[in-house]
Structure formats: structure tokens, C-alpha cells
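Novice: Chains as they are written, first to last, in our numbering: chain A, 1080 to 1355; chain B, -19 to 307. A single structure is presented below for examination.
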């Protein structure tokens, strides 16, 4: 791969993220540390995501990948580290330093999340459309017709059958529940989508269909995505770049093909080998 | 030479109005705070009273700390002045304070009520004390009260709107019958006691002071005079009071054909229903007025203006909007 490096930004490390353009990354997290008691779940993790880019995080269970996602969704605050979004009102603002109210505004408007377990992201007894409409209610939408319309649009964008939009998620199949979560996540057209093992636990054909939807949405809405998965197939399908985590640390990073086809770190080699 | 006992106040079994001075001071301070922050739930040190928790101890403590010998007290239970609960509370208040009692809304200075706000428009200077079983409007959506506190602090009421959304999706109308969640002064959400939806609009820009107090839960909140109170509603699906058009009073006898007031429904053995005016104090005055008109005796008290006219129109025009059925 021919890299024409601009003089002002030399690429010193071949495994560095590519300089996609002169723009700053949409999402920049720097030096994240999260400890639970004596255990450092996340230990000095840094992460850049450019607009429209998909960054995958792979690693074994307990490697800290979900903890990173919880930090990025501002569900928890780290022990150290900064987190900035390159968005009009938030340029240069460390989101971890905001107060609770302001953090809620950011997560509601700018960040969507899909969990592996739909119970975390959905109200199982409320209607599916209500789950999607909740995102708009949080930001102050108070017209019923608008809520209905927005729910309809988001659910059809995530390829959810509209004749079931008023069924509660608890009566839906796993794949459909993930589609409701996805519709909820994109209801306010956020710039960033966080995915925590979005297709784990689905059978292969449903998994493929959900991944198709994700890919299409990512392209159409130009979403920046952070995708956590232990499934290298999912990562290879969606991610542009990938981070390999182990014991709370990033041990290898690079372009997806590069990392998965030519892993450098012994653990990554093991991981790729185990998969293939 | 004066004896020591002449200098001391006369011995009594109880403090004036039953509560000791410290309890009354506590309650008055909390009341001031509640009035200063409309709709905010102020915790207070709820005292033991000779009635059981859940029988109006919150309202009773507020009344006892407001009452004086010149006060005129009216006690209402479900619109009735003569139910057991109302009669007991009234007797206790007067025995402990020497205040006089009335059933006339316009005469009373302190009205303690359970479930109803009177039909006649209350004026400034009156205090309405409502007994509240559960002060927390978010209880249904957030069982953790410390999280509910946080939601109040953030004005994060989206979950309540979500409940309304669900009701509209499933039933095409708002279902909550009593203690309809309402926003006070554009800031705090309150659960307005278990008063019916019919009475909720009466709190909006009311001339009187309303204090809502929950003795068991140890919290009180207030709607000060001339404060905005709006029930939660979507901008395109307005809040409605109980639809009682066509409900005509055929029960209270002396007053056949009354309508446009809140009615009790009385099921009949044949499966039909008859209706009677719920507010007995108002009914008494109507009957007295009719007798006076027929020349039997002179009317004692004039019937005042009511919140709803005989067609069921609310006195603040435009506050209640015509119904909309969402698709």
C-alpha cells in the first residue's frame, strides 16, 4: 500500500490509523483508565474514530471491551482519561467533565447504542414504537403524531416489519429485538453508533440479515461506529480498523485486513488462528 | 403576692391543636419551603396522631398547624362532609383547637379534603389541604426513590410521557383517572392527591393556596395561589376531564336534572346507573336556594360561582381543549 505521507503528519508507525483526511477525528478518547476495586478493567486505552468509519474492538471475555463502550456511552465515568467529540457545541470539551444533565443531552442526541442483551436497551413491556419514541421524548418532542411518524421511519430504516410496531419487544424474536434496538439507537440520527456484540446469540442467517442492515445504515447515515465483538467474522464484515484488547490494554491495532491476515502480536495470532 | 401557678399557663392534657409547638413550627417551616418551591416535595418530620397512618394524618398535621380559634374548618371525604372519616377529623380538629366548622365552601378558611376539590370557586385567603397517599408521581415508572429524586432534579419526565404514549397507542386516550400527573409552575411534576381528572384543572391559576401532605410518606408539596398547573398532555392530543355529558342527577331528590358537576355513579339492580352530585356541601346550598325560591324559608348562603357551568364548560376558557382521537 502506497502511503503518501504529508510532511506535517509523518506516519511513524505502520500500525497507526490511516490519516483519512486533514479532518480531526469525530470521536477521540485518550488514556482511558477504569478500575473496579483493584482490577483495572480498562488500562490506558486510546481510540480515534473518524466520521463514517467503523472501528472494531475484539478480545476475549473480560478483556475490557464492553467497559470501553460503557465509558464511550457515558454510562460510567473513568478514573482517568479524556473524551471529546468533534461536534459543533462540543469541540474541545471533555465529556467526562460535564455535569450529569449535560452528559444526558450528549448521549441522547449524539450517541446511539445497541446492546447484546436487548433487556439492557429496551423496555420489554412497552410497545416497540414506544421504545423508539422514548429517544425523542427525552429530547423534548411533545407531539404524538411526530413521535408516531419518527418511530415508523426509524423502524422501517432498520427493516422492522411495521405491522408489528406496536408489539412489545418481549413477544418478538431475538433478531427483531435487535432491530428495535437499532431503530431506537438511530431515532435521533446520531453521529456515533456504539454496538456491543449486536449479533451474538442470533442464528447465522438472521445475523447476516442484521449485519446487512447495519452496513446499509452505516453507509446511508454516514455513521461512525464502534463495534465490539468477539466474532472475527462480524468484525471483518463491518470494521475498517480494528483494536485487539487483552487484560484491559490495546495490544494491537491497525486496518482490519492487516490485523486479521497478518497479525503481529502472539495473542492476536492465537485469536485469528482459533477462529480460522 | 402571686403564686407560681398563677404565672404559669393553665395545665392542659394536650398542647393547643394537639401538636406540640416544635411539631407545628417544623410543619410551618416545611410549608413555607413547599410554597417557595411550587410542586417540590419537601420532607418533614411526620408526627404520630390518634388516627392511623393512611387516614389523613398528613392533611391533619397541616390543618392542625394552621388552625386557630377564629378558623372555620370544612372537612371533605370523597366530596361528602358527613362520611365517617370526614366527621372524625372535623370533630378532632374542633375539639383540639376551638375552631368552628362549616359545610359551606365559601365560608371556610381551611378546607381539608380527600379525593375532591369543591365545585364552588375558592377565593384568595382560603387554604385547601389535600390528604395524599403517595406523593411521588414517578413511583409507577421508577421504583427507586433516590433515582426519582434525580429525575426531578433534571426535570427528566420523559418516562411519564412514554406512559402516556403507550396509553394512546393501546387505548387511543389517556387512561389515568385520578392523581393525573401535572406540571407545577413549569418545573416540578406532582401527583395531585387522588383527585379526579375533573378537579385537576381547578389548581391552575387558583386564587387559593393548596397544600398536599402525605403523613405516611412524610412529604408535602404545595401549589401556591396563581400558579400554573398543567396536566401532562401531548401537544396534539389534549388532556380531557371525565366525560360526564349525559349524566343527569336523579338521585339527590330535591334537585332533579342537575348536570355539569362531578357525579357519583350509583349502579342499579337492573344494570343501569343513576347519578348524584358528589359535592354534598354544594348540594346543601342548592337545596336551600330552591326552598328559598319556593318561599319556604330565606336562603342562608348564596350559591357561589362554580368551576364548571351546567354545560360542563370550565370557567377558564381555553384551558380545556376539545377532544382529539389520535390515529
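Just so you know, even glycine gets a beta-carbon here, dropped at the ideal spot from N, CA and C. Keep in mind that this is a model prediction, so the values were computed, not measured.
1. Looking at chain B, which residues of the region 1173 to 1185 of chain A have a Cβ within less than 9 Å of any of its Cβ atoms?
2. In the structure shown, what three-state DSSP assignment does residue 1081(A) receive?
3. Is the shortest distance between the beta-carbon of residue 214(B) and the beta-carbons of chain A less than 7 Å?
4. The beta strand (DSSP E) that contains residue 1263(A), what's its start and end?
5. List, in order along the chain, the chain A residues whose C-beta lies closer than 9 Å to that of residue 306(B)?
6. Pull out every residue of the region 1203 to 1222 of chain A whose Cβ sits closer than 7 Å to any Cβ of chain B, in chain order.
7. Going by alpha carbons, who is nearest to residue 1322(A) out of 1216(A), 1350(A), 1102(A)?
8. Go through its chain and collect everything with a Cβ distance to residue 187(B)'s Cβ below 6 Å, but skip five positions before and after it.
9. For residue 293(B), which residues of its own chain have a beta-carbon under 7 Å away from its beta-carbon, when the five flanking residues on both sides are left out?
10. Can a CB atom of chain A be found closer than 7 Å to the CB of residue 163(B)?
11. Taking only the alpha-carbon atoms, compute the straight-line gap between residue 32(B) and residue 84(B) and give it to the nearest angstrom.
12. Leaving out five residues on either side along the sequence, give the residues of the same chain with a beta carbon under 6 Å from the beta carbon of residue 207(B).
13. Using three-state DSSP, classify residue 1322(A) as helix, strand or coil.
14. Closest Cβ-Cβ distance between residue 100(B) and chain A: below 7 Å?
15. Rounding to the nearest angstrom, what Cα-Cα distance links residue 1208(A) and residue 307(B) in this structure?
16. Within its chain, find whatever has a CB closer than 6 Å to the CB of residue 1130(A); leave out the 5 residues flanking it on each side and keep chain order.
17. In whole angstroms, what is the alpha-carbon distance linking residue 1276(A) and residue 168(B)?
18. Put residue 1340(A) into one of helix, strand or coil per three-state DSSP.
19. On the CB-based measure, 16 or more other CB atoms within 10 Å of its CB, does residue 1162(A) come out buried or exposed?
20. Should residue 138(B) be flagged as near chain A, meaning a C-beta pair shorter than 7 Å?
21. Within 7 Å (strictly less), CB to CB, does residue 145(B) reach chain A?
22. Is the CB of residue 169(B) under 7 Å away from at least one CB in chain A?
23. For residue 1245(A), go through chain B and note every residue whose CB falls closer than 8 Å to its CB, in chain order.
24. Any idea what DSSP makes of residue 1303(A), helix, strand or coil?
25. Could one say the Cβ of residue 142(B) lies closer than 7 Å to chain A's Cβ atoms, at least one of them?
26. CB-CB under 7 Å to residue 1241(A), same chain, minus the five flanking residues each way: which ones, in chain order?
27. How long is the line joining the alpha carbons of residue 1305(A) and residue 1294(A), rounded to whole angstroms?
28. To be precise: take each residue of the region 216 to 233 of chain B, compare its Cβ to all Cβ atoms of chain A, and keep it if any distance is under 7 Å. Which residues remain?
29. Residue 285(B): buried (16+ other C-beta within 10 angstroms of its C-beta) or exposed?
30. Are the CB atoms of residue 66(B) and residue 90(B) within a distance shorter than 7 Å?
31. What would DSSP say about residue 1175(A), mapped onto helix, strand or coil?
32. Quickly, what does DSSP pair residue 247(B) with across the bridge? List them, please.
33. Is residue 201(B) near residue 163(B), with beta carbons less than 7 Å apart?
34. Need the endpoints of the beta strand (DSSP E) that residue 1249(A) sits in, please.
35. Residue range of the alpha helix (DSSP H) that residue 1230(A) falls in?
36. Within 10 angstroms of the Cβ of residue 1239(A), are there 16 or more other Cβ atoms? Answer buried if so, exposed if not.
Specialist: Taking the definition as stated:
1. Correct list: 1179, 1180, 1183.
2. Note that residue 1081(A) has pLDDT 44, beneath the 50 cutoff, so the model's placement of it is unreliable and the number below is only indicative. Coil.
3. At least one CB of chain A lies nearer than 7 Å to the CB of residue 214(B).
4. Unbroken run through residue 1263(A) is the alpha helix (DSSP H), 1253 to 1265; no beta strand (DSSP E).
5. In chain order: 1223, 1224, 1227.
6. Taking 7 Å as the Cβ-Cβ cut-off against chain B, the residues of the region 1203 to 1222 of chain A that qualify are 1205, 1206, 1208, 1209, 1212, 1213, 1216, 1217, 1221, 1222.
7. Shortest Cα-Cα distance from residue 1322(A) to any of 1216(A), 1350(A), 1102(A) involves 1350(A).
8. 103, 104, 205.
9. For residue 293(B), there are no CB contacts under 7 Å within the same chain when 5 residues up- and downstream are skipped.
10. Look at residue 163(B): its C-beta is not under 7 Å from any C-beta on chain A.
11. Taking the straight line from one Cα to the other gives about 27 Å.
12. Excluding positions up to five away in sequence, the list reads 18, 165.
13. Residue state, collapsed to three classes: strand.
14. So no, residue 100(B) is outside the interface.
15. For residue 1208(A) and residue 307(B), the distance between alpha carbons rounds to 14 Å.
16. So the qualifying residues of the chain are 1105, 1303.
17. Going by the C-alpha atoms only, they are around 39 Å apart.
18. DSSP, read as helix, strand or coil, puts residue 1340(A) in helix.
19. By the neighbour-count rule (16 or more Cβ atoms within 10 Å), residue 1162(A) is buried.
20. Judged by the 7 Å Cβ criterion, residue 138(B) is in contact with chain A.
21. Answer yes: the Cβ-Cβ gap between residue 145(B) and chain A drops below 7 Å somewhere.
22. Taking 7 Å as the CB threshold, residue 169(B) stays off the interface with chain A.
23. In chain order: 149, 150.
24. Reduced to three states, the DSSP call for residue 1303(A) is strand.
25. So yes, residue 142(B) belongs to the interface.
26. Excluding sequence neighbours, residue 1241(A) sits near 1231, 1234, 1235.
27. Separation of residue 1305(A) and residue 1294(A) (C-alpha to C-alpha, rounded to the nearest whole angstrom) is 13 Å.
28. Per Cβ criterion, the list reads 216, 217.
29. Of the other Cβ atoms in all chains shown, fewer than 16 fall within 10 Å of the Cβ of residue 285(B); this residue is therefore exposed.
30. No.
31. DSSP places residue 1175(A) in helix when its eight states are reduced to three.
32. 253(B), per the DSSP bridge assignment.
33. No; because the gap between Cβ atoms is not below 7 Å, this pair is not in contact.
34. Looking at the DSSP string, residue 1249(A) is not in any beta strand (DSSP E), and its letter there is neither H nor E.
35. Counting along the chain, the alpha helix (DSSP H) containing residue 1230(A) begins and ends at 1223 to 1236.
36. Residue 1239(A) should be labelled buried.
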